[in-house]
Amino acid sequence: MAPSLQAACAARCRRRHTHQAASDDSDASTGSQAEGSSGARRSTLPIFPLNVVALPSATVPLMIFEARYRVLFSTLLSGMDGVEEGLVQHDCDWCGTKRFGMCYLDNNGNMSSVGTQLEILEFAGVPDGRLFVTGKGRSRFRVIEVQSEKPIIVATVEELPEEPETEEVVALATEVADLLRSVIRLNIKMQNITATEDQLEPEELAELGARDLSYWVGSFFSDVTLLQQNLLEEASTLRRLQKEKEVLSETVSYYSAAAALKTAFASSPDDTDSGASRGS
């Protein structure tokens, strides 16, 4: 999404958003698993805390430069061509899994307890040792216990089960997808830029189911991380989509009004050209 589109959505978000800590459910899995008291699966994950909210179904580009995280990601990528073998810790449960957790870290250094498990899709190393990684959100989890904090955070996490999709949820997801299409097209029109068909019609809009779409749409609100975290923690797909519909509807109204004004001013002749003058 273009920066101005994110900013417009952010403005609509801030007007109506008040953060509510949702005590709800999600998905994770890698490492050794056990049954939690609620019957949900538990597993051990290395956690990468960052001031970015990762969401299921959305891709997250990362630049890894700290030594401890270069070790972590080299270990996660063990067995792949181009990995610096000297950095790999072969005795870790997550060696070669390509799976790690991300939790939002706020400006005060507080880490959210609900995060997203990601899978590394691709990576590239550069001569100075940095790694450029693309991860994709696969599922959500709740941190149950932090096992260690140094050199990296390792935690016991528990999956949070998702509710089944109903006809109402599917219908609302279609509305939200159409609203996002409108926002994208209006944004492009306002900026007067040329867009590819992939930009006008992201494949996710047609391919994702209602639940996954609700998370993916949330990735467009990156200027309002508090809202994104709220969407991540929300247990109900229906409520998640309702929040997104409110934001996108206001954004469409904002863009439509701005576009109408732009068109009106562009088509209005100058007073001198019209041969008319206003009286005092």
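Just so we're aligned, residue 279 is where the sequence shown starts under my numbering, counting upward by one. We treat Cβ as the ideally placed atom computed from N, Cα and C, and that holds for glycine.
Buried or exposed (CB count within 10 angstroms, at least 16 for buried), residue i
i: Arg-346; result: exposed
i: Thr-474; result: exposed
i: Asn-465; result: buried
i: Leu-224; result: With the chain running from 279 to 558 in the structure shown, residue 224 is simply not present.
i: Ser-304; result: Unreliable positioning characterises Ser-304 in this predicted model, as indicated by a pLDDT of 36, which lies under 50. A coordinate reading is not provided.
i: Pro-442; result: exposed
i: Thr-434; result: buried
i: Leu-417; result: The amino acid at residue 417 is misidentified as Leu; the sequence shows Ser. Classification of Ser-417: buried, given that the 10 Å Cβ count is 16 or more.
i: Ala-306; result: Unreliable positioning characterises Ala-306 in this predicted model, as indicated by a pLDDT of 34, which lies under 50. A coordinate reading is not provided.
i: Leu-478; result: exposed
i: Val-424; result: exposed
C-alpha distance - residue i paired with residue j, whole-angstrom precision
i: Ile-430; j: Leu-350; result: 8 Å
i: Glu-440; j: Thr-503; result: 22 Å
i: His-297; j: Glu-512; result: Confidence in His-297 is poor, its pLDDT being 41 and thus under 50, which makes the residue's placement unreliable; the coordinate value appears in the next sentence. Cα to Cα, His-297 sits roughly 11 Å from Glu-512.
i: Ser-531; j: Arg-517; result: 21 Å
i: Leu-438; j: Ser-426; result: 22 Å
i: Asn-470; j: Leu-457; result: 20 Å
i: Lys-376; j: Glu-344; result: 18 Å
i: Gln-520; j: Val-461; result: 16 Å
i: Ala-594; j: Asp-476; result: Residue numbering for the chain in the displayed model covers 279 to 558; residue 594 lies beyond these limits and cannot be assessed.
i: Ala-402; j: Phe-378; result: 17 Å
i: Glu-362; j: Pro-405; result: 11 Å
i: Ala-299; j: Met-380; result: Bear in mind that a pLDDT of 37 at Ala-299, under 50, signals an unreliable position, so the number given afterwards is only what the model happens to contain. Distance between the alpha carbons of Ala-299 and Met-380 is about 18 Å.
i: Ile-422; j: Ser-391; result: 8 Å
i: Gly-364; j: Leu-486; result: 39 Å
i: Lys-467; j: Gly-360; result: 42 Å
i: Arg-463; j: Met-358; result: 40 Å
i: Ser-534; j: Pro-480; result: 21 Å
i: Thr-472; j: Ala-536; result: 19 Å
Cβ neighbours of residue i in the same chain (closer than 6 Å, five flanking residues each side left out)
i: Asp-490; result: Ser-335
i: Ser-497; result: Leu-333, Ala-336
i: Thr-353; result: Val-366, Gln-367, Cys-370, Cys-373
i: Glu-482; result: Trp-494
i: Ser-356; result: Val-366, Cys-373, Gly-374
i: Val-447; result: Ala-488, Thr-515, Leu-516
Sub-8 Å separation of residue i and residue j beta-carbons
i: Lys-414; j: Thr-337; result: yes
i: Val-432; j: Thr-322; result: yes
i: Glu-397; j: Phe-419; result: no
i: Ala-451; j: Ala-484; result: no
i: Ser-492; j: Glu-522; result: yes
i: Ile-325; j: Gly-387; result: no
Same chain, Cβ closer than 7 Å to residue i, five either side skipped, listed in chain order
i: Leu-383; result: Pro-327, Leu-328, Asn-329, Met-389
i: Leu-340; result: Val-411, Gly-413
i: Ile-342; result: Arg-348, Phe-351, Arg-408, Leu-409, Val-411
i: Val-331; result: Tyr-382, Thr-503, Gln-506, Gln-507, Leu-510
i: Asp-302; result: Confidence in Asp-302 is poor, its pLDDT being 38 and thus under 50, which makes the residue's placement unreliable; the coordinate value appears in the next sentence. So the list reads Leu-438, Glu-511, Glu-512, Ala-513, once near-sequence residues are dropped.
i: Glu-453; result: Lys-523
i: Leu-526; result: Val-454, Leu-457, Leu-458, Val-461
i: Thr-444; result: none
Close Cβ partners of residue i (< 8 Å) along its chain, the five nearest in sequence each way excluded
i: Ala-449; result: none
i: Asn-385; result: Asn-329
Residue i: CB within 7 Å of a non-hydrogen atom of the ligand HEM
i: Ser-500; result: Inclusion of the ligand HEM in the displayed structure is not the case, the ligand content being empty and no account of it being possible.
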